[in-house]
Amino acid sequence: MMMLDTSKFEKKLELLALSIPRELSKNVTGILKGAGHIAHLNIGDDLLAFKDVIAKVFYDKNYPKIKTVVNKVGDITNEFRVPKLEVLAGIDDMVTEVKQYGATFKLNYGLVYWNSRLEHEHTRLISLFKTGDIICDMFAGIGPFVIPAAQKGCIVFANDLNPDSVHYLKINAEINKVDDRVRAYNMDARAFLSHLMEPSDCVGTDCNIPVNVVKLSESEKPTDDYKELPISCSNEQEGPGCPCTASSTSAKRPSENTEEEYRNLDGTDAGTTDRRKRSKNKRTRDIKPSGVKTWEHVDHVVMNLPASALQFLDVFRGLICRKHWKGTLPWIHCYCFMKLRDQTEESIIANLH
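Residue numbers (the working numbering): 49 to 401.
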């Protein structure tokens, strides 16, 4: 994550000397984000008249670490949620590199989404993955979940609607030497997941079961802006194929559930699958995405598009083909924004049914 010397911008020092009104100077702190050599200012309307002064201070005090200072122009309106930026100071160069948890990410800050403040959440979720796990990332971006998961020995199927994100995702897989464990797609998220789960010989409706469960570790804690919400099945959907109950408000760890509740779709015991999986993980170095049948098993599905990911949960209904699926159902990690004043987990879950 980029660290700037913000101590040099105290309101009683340079900013006041550069004529920013005293009553506004207190709003300057805490407006920074960015990536690599780029500092991204989020300047409010009350400070727009002083944007060039603020940018000059940041640039002069942090060069050569910071070579470009930008500010968002207007509201975000494009389908890829990428803001329009203006360069206020330094060179007009939006291509940069960021290092996180031993991985290098190359990106064009003006074309793709990146938020360095999510590094802790990226690390937390990756810690739940095991070597040999099969991961599907529906909104992968340039790969903040994909690359470290592949570095951990997972096989990752990654998708993003933004072609520029997919371009840099492929570059980052090569830079980090995990391109043999990553397969990238540029598709609509629903089409992507349906494509992965469609077996060649699954015909008719008798092989489909309803799946709309999000299973979470009870030790997982949300960040300030992001929460993962467990989603329980409705009464009509309860049955042998549904591993949760309508009254559940939090998902258990697999080891905490009853043996019957976590029997696999193919009829075998979940513990047997775990033992097989540990044995399989020893051979994962030779496994490539081309050899994986995703309609038979996926371990985790990541849905990190907080503004609208909840709207895509309906894709899981009737998605899995019973006669092909092997092992337990996947964990689904779905992120959303929560307005703490007027929303609760219960209200969000209620709106999903």
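Note that the Cβ used here is the ideal one computed from N, Cα and C, for glycine as well.
None of the values given here were measured: they were computed from a predicted structure.
Note on geometry: alpha-carbon atoms of Y157 and D362 lie some 32 Å from one another. Nearest neighbour of L155 by Cα position, chosen from V204, I182, D208, G191, turns out to be G191.
Taken in chain order, the unbroken stretches of alpha helix (DSSP H) that lie wholly in the stretch 95-142 and span 4 residues or more are 99-110.
Taking the C-beta atoms as reference points, I86 is found nearer than 8 Å to V118.
F240 carries a helical assignment under DSSP once its states are collapsed to helix, strand and coil.
Short of 6 Å from the beta carbon of I124, and not among the five residues preceding or following it, lie these beta carbons of its own chain, in chain order: P131.
The shortest C-alpha to C-alpha distance from G84 to any of I219, V101, F153, D108 is the one to F153.
Using a 10 angstroms sphere on the CB of I195, the tally of other CB atoms reaches 16 or more, which defines it as buried.
Contact holds between the stretch 232-248 and the stretch 339-359, because three or more Cβ pairs, one in each stretch, are under 8 Å apart. For D181 against D390, the beta-carbon gap comes to about 37 Å, at or over 8 Å, which does not count as contact. Nearest to G122 by alpha-carbon distance, out of P112, L89, K104, R238, is L89.
For Y149, the number of other beta carbons within 10 angstroms of its own is below 16, and it is reported as exposed. A direct Cα-Cα distance of roughly 52 Å separates T376 from I139. Per DSSP, reduced to three states, the secondary structure at A87 is strand. Taking the Cα of V204 as reference, the smallest distance to any Cα among S338, I102, V105, R370 is reached at S338. Taking the CA atoms as reference points, P378 sits about 14 Å from G366.
M245 carries a helical assignment under DSSP once its states are collapsed to helix, strand and coil.
Judged by beta-carbon spacing, D227 lies beyond the 8 Å limit of V350, meaning their Cβ atoms are not closer than that value.
CA-to-CA, the gap between V146 and G82 works out to about 10 Å. When DSSP states are grouped into helix, strand and coil, K218 belongs to the helix group.
For A151, the closest C-alpha among the options E169, F193, D141 is that of F193.
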